[in-house]
Amino acid sequence: MSAKYSHVAVGAHGKVGVITLNRPEKRNAITAALATEVACGVREHVDAGRRVILLRGEGPAFSAGADLSGGVYSPDFFGALQSMLQAVLDAPVPVIADIHGPAVGAGCQLALACDLRVFGPKGAVWVPAAAHGFALDTWTHLRLKDLLGGAWARNIMVGGAKVGAEQAAAVGFASFVGDGTTDSLAYAQTIAEQAPLSMEHSKRVLNSPNPASDPVLDELMSQAWASADAAEARAARLQGRAPAFTGK
Numbered sequence: 007m008s009a010k011y012s013h014v015a016v017g018a019h020g021k022v023g024v025i026t027l028n029r030p031e032k033r034n035a036i037t038a039a040l041a042t043e044v045a046c047g048v049r050e051h052v053d054a055g056r057r058v059i060l061l062r063g064e065g066p067a068f069s070a071g072a073d074l075s076g077g078v079y080s081p082d083f084f085g086a087l088q089s090m091l092q093a094v095l096d097a098p099v100p101v102i103a104d105i106h107g108p109a110v111g112a113g114c115q116l117a118l119a120c121d122l123r124v125f126g127p128k129g130a131v132w133v134p135a136a137a138h139g140f141a142l143d144t145w146t147h148l149r150l151k152d153l154l155g156g157a158w159a160r161n162i163m164v165g166g167a168k169v170g171a172e173q174a175a176a177v178g179f180a181s182f183v184g185d186g187t188t189d190s191l192a193y194a195q196t197i198a199e200q201a202p203l204s205m206e207h208s209k210r211v212l213n214s215p216n217p218a219s220d221p222v223l224d225e226l227m228s229q230a231w232a233s234a235d236a237a238e239a240r241a242a243r244l245q246g247r248a249p250a251f252t253g254k
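Numbering (the numbering used here), first residue to last: 7 to 254.
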């Protein structure tokens, strides 16, 4: 782990960058410092050319949410939290959350910002905002509605419901339910073999609030169609082999 990280561990497995929330004694509760380090880790992996980023938590929880004893009520926390979520959303590569245990509140928000999620049998997400007298931002409500559907968004935000692994898989919020980090890493490594430009375009379209009026999307699509990777895919099909994509 780099000396600049105190609250997360940053490493890599080939094309997959890994960021581990590393406060197991606090069930990986999120502070402004931890959120800042996650954002830094995401940017570091992107700059290093990683194809996929895997987010996980050390210990039995993905994240117990905001650390209520760690300055969560200060403006600095909300700025750091927003910057972390935006870093995940803006990363040009897929970000996968390994939800092996509870992802609560801000931990759920982090899972929502990710592109894909793998649940373990004990994985669950919930947002106890009403129980604590909080009100969460519009993005969280709309992201829940987009990824789980309006009924589940209401069950979570108004009814205080928890979404376990089986329910998450049933509605497509979880890509699948695995047995542990080994499964999520293998999944990430499979995703990392796909064409980077194609995945970047799809992520941008799906995260755009108004894709019909975003001119960058047409440019990204044109780049993908004209890319060396598209030519490589055609050649690989003709030669009966797996393509070797370069992101160019």
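Even glycine gets a Cβ: it sits at the ideal position worked out from N, Cα and C.
- Under the three-state reduction of DSSP output, Gly139 falls in the coil class, being neither helix nor strand.
- Ser190 places its beta carbon less than 8 angstroms from that of Ile102.
- The region 108–128 makes contact with the region 90–99, as at least three CB pairs between them are under 8 angstroms.
- Using a C-beta cut-off of 8 angstroms, the region 192–202 makes no contact with the region 139–157, since fewer than three inter-stretch Cβ pairs fall below that distance.
- Under the three-state reduction of DSSP, Arg62 is assigned to strand.
- For Ala137, the closest alpha carbon among the candidates Ser208, Val131, Thr146, Met163 is that of Met163.
- The DSSP-derived three-state label of Asp104 is strand.
- Counting only residues of its own chain and dropping the five nearest sequence neighbours on each side, Leu226 has a CB closer than 8 angstroms to the CB of Leu203, Glu206, His207, Arg210.
- Under the three-state reduction of DSSP, Val22 is assigned to strand.
- Counting only the Cα atoms, Val99 lies some 26 angstroms from Arg29.
- Residue environment for Thr26: buried (at least 16 other C-beta atoms within 10 angstroms of its C-beta).
- Look at Phe182 here: in three-state DSSP terms it is strand.
- Across the structure, Pro221 and Leu212 are spaced so that their CA atoms are roughly 14 angstroms apart.
- With a contact defined as Cβ atoms closer than 8 angstroms, Phe83 and Gly77 qualify at about 6 angstroms.
- The beta carbon of Leu122 is closer than 7 angstroms to those of Pro100, Ile102, Ser181 in its chain, skipping five residues each way along the sequence.
- Bridge partners of Arg123 according to DSSP: Ala103.
- CA-CA distance, Ser233 to Arg247, rounds to 19 angstroms.
- In the three-state reduction of the DSSP assignment, Leu27 falls in the strand class, which pools E and B.
- For Val131, there is no enclosing alpha helix (DSSP H); the enclosing beta strand (DSSP E) covers residues 130–132.
- A Cβ-Cβ distance of about 7 angstroms is found for the pair Phe125 and Ala175, placing them in contact under the 8 angstroms criterion.
- Non-local C-beta neighbours of Gly253 in its own chain, meaning closer than 6 angstroms and more than five positions away in sequence, comprise Pro202, ordered along the chain.
- For His51, the CB contacts under 6 angstroms within the same chain, skipping 5 residues up- and downstream, are Gly23, Ile59 in chain order.
- Annotated three-state conformation of Ala157 is helix, per DSSP.
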